[in-house]
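Below: the structure, in structure tokens.
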Amino acid sequence: MLLRLKVFLLISFSFLWSKDLTLCYQIFFWFLPVAESCSTYSLYENSKVRLRSWAKTIVVGRLVKPVNSEGEVLIEKGRPKRFWLFQREGDFHREHLYVFKDSKVYFRLYRPKKNRLKEGTITLKSRAYDPFSASLVFYASIPSFEEKTITIFYEGKLNRSMFKTTGSEKVEVYTKVYDTWKTSIFPNIKTKGFLRPKGEWIVWNEKENLIPVLLKLSFNIGSVWVYLKEVRGDPKVFREILNSLKQD
Numbered sequence: 033m034l035l036r037l038k039v040f041l042l043i044s045f046s047f048l049w050s051k052d053l054t055l056c057y058q059i060f061f062w063f064l065p066v067a068e069s070c071s072t073y074s075l076y077e078n079s080k081v082r083l084r085s086w087a088k089t090i091v092v093g094r095l096v097k098p099v100n101s102e103g104e105v106l107i108e109k110g111r112p113k114r115f116w117l118f119q120r121e122g123d124f125h126r127e128h129l130y131v132f133k134d135s136k137v138y139f140r141l142y143r144p145k146k147n148r149l150k151e152g153t154i155t156l157k158s159r160a161y162d163p164f165s166a167s168l169v170f171y172a173s174i175p176s177f178e179e180k181t182i183t184i185f186y187e188g189k190l191n192r193s194m195f196k197t198t199g200s201e202k203v204e205v206y207t208k209v210y211d212t213w214k215t216s217i218f219p220n221i222k223t224k225g226f227l228r229p230k231g232e233w234i235v236w237n238e239k240e241n242l243i244p245v246l247l248k249l250s251f252n253i254g255s256v257w258v259y260l261k262e263v264r265g266d267p268k269v270f271r272e273i274l275n276s277l278k279q280d
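Numbering (this note's numbering), first residue to last: 33 to 280.
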């Protein structure tokens, strides 16, 4: 069922014309490259947005624990419609499917190795987002010099995370210098996976299009640094997508 719906999501948007942008990152633990990730952002007519993303461990990271994931979200009029994610963290495998409709979230969590399925429905009292669409809403709010919160639905639970822009800063990423907004976020997300968010995260977004160029992310095992390595497509598409979220 989950696979059939994923195929439907891919087919339903594949025939539409879109503006696309792909951002790829390299992830370091201390000075060692441990993972890489790419995200493709697509903007369709009527402000429909599709975000596809994958991440995987490399070199040392793969030796310590092989981790990879892939997922996507479809957004219409600034709100998530369907979210799909598959995680592989060593022997831990999990598939997520969330459908947002009529102030409710219908979700399925499936662990194929143990053949465990959990289904449920959550009624929303206020707006909530999956992790992918939440990241876009977060970027669209920058700079935010007043403390704000965002509600994220994950693993069948609603979690509120706080964020605030703390200032302006120039940062160098792979010999290129960016003028950025520096924002702190405190991800209050509880997960059963290998990597569990912890403490303060810091994101540096370049000011022209608000693309994240540098991130410091803290987990239960320590902190990692994420560097923008490659941009494929027109960077202005990112700003267009963020602006489309504000129209709602």
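C-beta atoms are modelled at their ideal positions from N, C-alpha and C, and glycine is treated no differently.
- Item | Proximity of Leu-83 and Phe-164 at Cβ, strictly below 8 Å | The residue labelled residue 83 in the question sits at position 51 within the sequence shown. The residue labelled residue 164 in the question sits at position 132 within the sequence shown. Contact flag set, yes.
- Query: From the DSSP output, which residues share a beta bridge with Ile-184?
  - Reply: Taking the sequence shown and counting its residues from 1, the one referred to as residue 184 is at position 152. Ile-184 is bridged by DSSP to Tyr-161, Asn-191.
- Message: For a test of the three-state rule: what should DSSP assign to Lys-261, helix, strand or coil?
- Response: Residue numbering aside, residue 261 sits at position 229 when the sequence shown is read from its first letter. In the structure shown, the three-state DSSP call for Lys-261 is strand.
- Item | Beta-carbon contacts of Arg-228 that lie in its chain and below 7 Å, excluding the five residues immediately before and after | The residue labelled residue 228 in the question sits at position 196 within the sequence shown. Taken in chain order, the residues that qualify are Phe-251, Asn-252.
- Helix, strand or coil for Tyr-206, going by three-state DSSP, please let me know. For the purposes of this step, residue 206 is taken as the residue at position 174 of the sequence shown. Residue state, collapsed to three classes: coil.
- Chain-order list of residues whose beta-carbon lies under 6 Å from that of Phe-60 (same chain, five-residue window excluded): For the purposes of this step, residue 60 is taken as residue 28 along the sequence shown, with counting starting at 1. These residues qualify, in order along the chain: Trp-257.
- Query: If we ignore side chains and look at the alpha-carbon of each, how far apart do Cys-13 and Asn-237 end up?
  - Reply: Residue 13 falls outside the range modelled here, since the chain spans only 33 to 280, and no answer is possible.
- Message: With a threshold of 8 Å on Cβ separation, who are the neighbours of Glu-232 within its own chain once the five nearest residues in sequence on each side are excluded?
- Response: As a first step, residue 232 must be located in the sequence shown, where it is residue number 200. Within the same chain, Glu-232 has close Cβ partners Ser-216, Ile-217, Phe-218, Ser-250.
- Query: Once you ignore the five residues that flank Thr-155 on each side, which residues in its own chain have a CB closer than 7 Å to its CB?
  - Reply: Taking the sequence shown and counting its residues from 1, the one referred to as residue 155 is at position 123. So the list reads Ser-135, Lys-136, once near-sequence residues are dropped.
- Neighbour-count burial assignment, Glu-178, 16 or more Cβ in a 10 Å radius: Here the question's residue 178 lines up with position 146 in the sequence shown. Classification of Glu-178: exposed, given that the 10 Å Cβ count is below 16.
- With respect to the alpha helix (DSSP H) encompassing Lys-237, which residues constitute its N-terminal and C-terminal limits? Translated into the one-based positions of the sequence shown, residue 237 becomes position 205. The residue you asked about is not Lys; residue 237 is Asn in the sequence shown. That residue, Asn-237, is in no alpha helix (DSSP H); its beta strand (DSSP E) goes 233-238.
- Message: If you reduce the DSSP assignment to three classes, tell me which class Phe-177 lands in.
- Response: Taking the first residue of the sequence shown as position 1, residue 177 is located at position 145. Collapsing the DSSP output to three states places Phe-177 in coil.
- Query: Of all the options Tyr-206, Asn-220, Leu-246, Leu-190, which has the alpha carbon lying nearest to the alpha carbon of Lys-214?
  - Reply: Within the sequence shown, the letter at position 182 stands for residue 214. With distances taken between Cα atoms, Lys-214 lies closest to Leu-246.
- Please confirm if the stretch 96-107 is in contact with the stretch 121-134, defined as three or more CB-CB distances below 8 Å between the two stretches. As far as the Cβ criterion goes, the stretch 96-107 touches the stretch 121-134, which means the pair count is three or higher.
- Item | Under the three-state DSSP convention, the category Tyr-130 falls into | As a working note, residue 130 is residue 98 in the sequence shown. Strand, per DSSP.
- Backbone secondary structure at Tyr-76 - three-state DSSP: Working through the sequence shown from its first residue, we reach residue 76 at position 44. Coil at Tyr-76, not helix or strand.
- Item | Whole-number beta carbon distance between Lys-133 and Glu-108, since they are thought to touch under 8 Å | Looking up residue 108 in the sequence shown gives position 76. Looking up residue 133 in the sequence shown gives position 101. With 8 Å as the limit, Glu-108 and Lys-133 do not qualify as a contact, their Cβ atoms being about 11 Å apart.
- Message: Can you find the residues in the same chain that come closer than 6 Å, C-beta to C-beta, to Phe-115, ignoring five residues on each side of it along the sequence?
- Response: Within the sequence shown, numbered from 1, the residue matching residue 115 stands at position 83. Answer for Phe-115: Val-105, Tyr-130, Asp-162, listed in chain order.
- Message: Let me make sure I understand the geometry here. Which of Arg-264, Ser-158, Glu-201 has the alpha-carbon closest to that of Ile-234?
- Response: As a first step, residue 234 must be located in the sequence shown, where it is residue number 202. Nearest C-alpha to Ile-234: Glu-201.
- Asp-266: which of Leu-190, Asn-241, Ser-255 sits nearest, CA to CA? Position 234 of the sequence shown, counting from 1, holds the residue named residue 266. The alpha carbon of Asp-266 has as its nearest neighbour, out of Leu-190, Asn-241, Ser-255, the alpha carbon of Asn-241.
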